Amino acid sequence: MSLFSPIQLRSLTLKNRIAVSPMQQYSAKNGVPGNWHLVHLGSRAVGGAGLILTECTAVSPEGLATLNDVGIWNDEQKNAWKNIVDFVHEQDAKIGIQLWHSGGKGSLKHPNERMKPLSEEEGGWTVKSSSARDFNGVFAEELTIPEIHELKVKFVQAAFRAVDAGFDTIELHAGHGYLFHQFYSAVINKRHDEYGGSFENRIRFLVETVQEIRKAIPESMPLLVRISAVDYIESEEAWTLEDSIALSEILKENGVDFITASGGGFTNVSKDRVFPGYQVPFAKAIKEQTGILTGAVGMITEAQQANDIISNEEADLIIIAREHLRDPYFAIHSAKELDIETEIPWQYKRAF
Numbered sequence: 084m085s086l087f088s089p090i091q092l093r094s095l096t097l098k099n100r101i102a103v104s105p106m107q108q109y110s111a112k113n114g115v116p117g118n119w120h121l122v123h124l125g126s127r128a129v130g131g132a133g134l135i136l137t138e139c140t141a142v143s144p145e146g147l148a149t150l151n152d153v154g155i156w157n158d159e160q161k162n163a164w165k166n167i168v169d170f171v172h173e174q175d176a177k178i179g180i181q182l183w184h185s186g187g188k189g190s191l192k193h194p195n196e197r198m199k200p201l202s203e204e205e206g207g208w209t210v211k212s213s214s215a216r217d218f219n220g221v222f223a224e225e226l227t228i229p230e231i232h233e234l235k236v237k238f239v240q241a242a243f244r245a246v247d248a249g250f251d252t253i254e255l256h257a258g259h260g261y262l263f264h265q266f267y268s269a270v271i272n273k274r275h276d277e278y279g280g281s282f283e284n285r286i287r288f289l290v291e292t293v294q295e296i297r298k299a300i301p302e303s304m305p306l307l308v309r310i311s312a313v314d315y316i317e318s319e320e321a322w323t324l325e326d327s328i329a330l331s332e333i334l335k336e337n338g339v340d341f342i343t344a345s346g347g348g349f350t351n352v353s354k355d356r357v358f359p360g361y362q363v364p365f366a367k368a369i370k371e372q373t374g375i376l377t378g379a380v381g382m383i384t385e386a387q388q389a390n391d392i393i394s395n396e397e398a399d400l401i402i403i404a405r406e407h408l409r410d411p412y413f414a415i416h417s418a419k420e421l422d423i424e425t426e427i428p429w430q431y432k433r434a435f
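Take 84 as the starting number for the sequence shown in the numbering used here and just add one per residue.
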């Protein structure tokens, strides 16, 4: 098995094990993806990646992190996504949408303005989380139980639109300190109802959302979830790899087909913990302990490195972010380096 072996997820066949990681582009207006997103995602499909994952896509206006993020809560957004989906499919690649709600990490300015809190005059909004608390200068109110139920409905509505737009798969973003993570990590979740306290209660919002989406989408469509496998916080309340293994088993039982094992989201990760492939052990442990397919992330930048992860069965898919920004044709270049035959768009063959 190699980086260029096909992989099957329900009825979906990916031509290789290379995926483009979700990466926020902060380039949308009113949540509508535009030409930038078409070129950003389309060029990586031209470059040979088997699976393209969109940046985190809000299921409601309040789920945005900034006013420049994308969404899929209305039909204008859905139709714009369809244009991108169609182009990716023309390149013999598959595309998934990452559905998301920022929770308390919202109402922020553009990164060029250092993501400072938005004032009401600037279009800021009231953010809500599992518990009332400050998120770096933005105070989040605690979600009520009716609001939690309404959010599940919004995720399902977004999933319906994703199916209509022609996406091949759906991924829930349940990591990096965003809303689902704000529920399952006891560092943030201080609730005293059925959505807080015990492990089972803290994962309830995510599991119930998975159950509702699984019922709503076609049986043939794979459902993916990205989690933060650890919090990278020294605390008895911190989320651990053992927690992630237990969560992954429950998600698998409820129809999830694939786990991307990332980490962190509430604090900066110390530099001594960051090195090539530093999060691969999370994917390996979850894969070995649960049998679910997993994706590896975290400073995977070279073809041989990626190929070794697959051939050693540490993960099933390599989900590459920044190296795809540096090199949209990472997949084609990797095939050349590994001396593996791969399809190259006829328009570009003269260069390879």
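C-beta atoms are modelled at their ideal positions from N, C-alpha and C, and glycine is treated no differently.
Keep in mind that this is a model prediction, so the values were computed, not measured.
Spatial neighbours of residue i within its chain, please: C-beta separation below 6 Å, excluding the five flanking residues on both sides.
| i | result |
| --- | --- |
| L121 | I167 |
| H416 | none |
| G186 | S212, Y261, L262 and Q265 |
| A248 | K161, W164, K165 and V168 |
| G279 | N272 |
| V210 | G187, G189, S190, V221 and A223 |
| A414 | I101, G130, G131 and A132 |
| E277 | N284 |
| E406 | T384 and F413 |
| D355 | none |
| L376 | F341 and D399 |
| T227 | none |
If you follow the beta strand (DSSP E) that residue i is part of, which residue opens it and which one closes it?
| i | result |
| --- | --- |
| F87 | Note, F87: premise wrong, no beta strand (DSSP E); not H, not E. |
| I300 | Neither: I300 is in no beta strand (DSSP E) and is coded neither H nor E. |
| Q181 | K177 to W183 |
| F435 | First-last for F435: undefined, no H or E at that position. |
| A223 | V221 to E225 |
| R405 | Where R405 is concerned, there is no enclosing beta strand (DSSP E), although the alpha helix (DSSP H) it sits in stretches over R405 to R409. |
| R216 | R216 to F218 |
| R309 | L306 to S311 |
| T96 | L95 to L97 |
| A102 | I101 to V103 |
| V210 | V210 to S212 |
Going by the beta-carbon positions, is the gap between residue i and residue j smaller than 7 Å?
| i | j | result |
| --- | --- | --- |
| G378 | T350 | no |
| L324 | I253 | no |
| I471 | A242 | Coverage of the chain is limited to positions 84 through 435, which leaves residue 471 absent and any answer about it impossible. |
| I231 | F282 | no |
| V142 | F250 | no |
| E159 | V115 | yes |
| L97 | I393 | no |
| S318 | R274 | no |
| K367 | E336 | no |
| R127 | S303 | no |
| E225 | V270 | no |
| I383 | I369 | no |
| P89 | E138 | no |
| G348 | H259 | yes |
| Q372 | I328 | yes |
| N157 | A111 | no |
| A418 | T425 | yes |
| A386 | L408 | no |
| L334 | V352 | no |
| S268 | W322 | yes |
Within the same chain, show all residues whose beta-carbon is closer than 8 Å to that of residue i, passing over the 5 residues directly before and after it, in chain order.
| i | result |
| --- | --- |
| I338 | Looking at the sequence shown, residue 338 is not Ile but Gly. Contacts found: V293, Q294, R297 and L306. |
| A102 | A132, G133, L134, I135, L136, G378, L400, I401, I402 and I403 |
| E291 | K235 |
| G125 | I167, F170, V171 and Q174 |
With a threshold of 7 Å on Cβ separation, who are the neighbours of residue i within its own chain once the five nearest residues in sequence on each side are excluded?
| i | result |
| --- | --- |
| T140 | V153, G154, I155, I180, Q181, L182 and W183 |
| G346 | S311, A312, V313, Y315, Q362 and F365 |
| H123 | Q108 |
| Y412 | G130 and G131 |
| K192 | T149, M198, K199 and L201 |
| P194 | Y109 |
Which first and last residues belong to the alpha helix (DSSP H) in which residue i is found?
| i | result |
| --- | --- |
| L124 | N118 to V129 |
| E173 | D158 to E173 |
| E420 | F413 to E420 |
| E138 | Where E138 is concerned, there is no enclosing alpha helix (DSSP H), although the beta strand (DSSP E) it sits in stretches over L134 to A141. |
| R71 | Within the shown structure, residues of the chain are numbered from 84 to 435, placing residue 71 beyond reach of any answer. |
Any heavy atom of the ligand COA closer than 6 Å to the Cβ of residue i?
| i | result |
| --- | --- |
| R297 | As for the ligand COA, it is missing from this structure, which has no ligand bound. |
| request: Output the residue ranges of the beta strand (DSSP E) runs that lie fully inside the segment 317-402 and measure 3 residues or longer, sorted by chain position. | output: 341-345 and 376-379
| field | Residue ranges of each alpha helix (DSSP H) within the segment 241-275, 4 or longer | value | 262-267
| query | Touch check for the segment 197-213 and the segment 129-140: three-plus C-beta pairs under 8 Å? | reply | no
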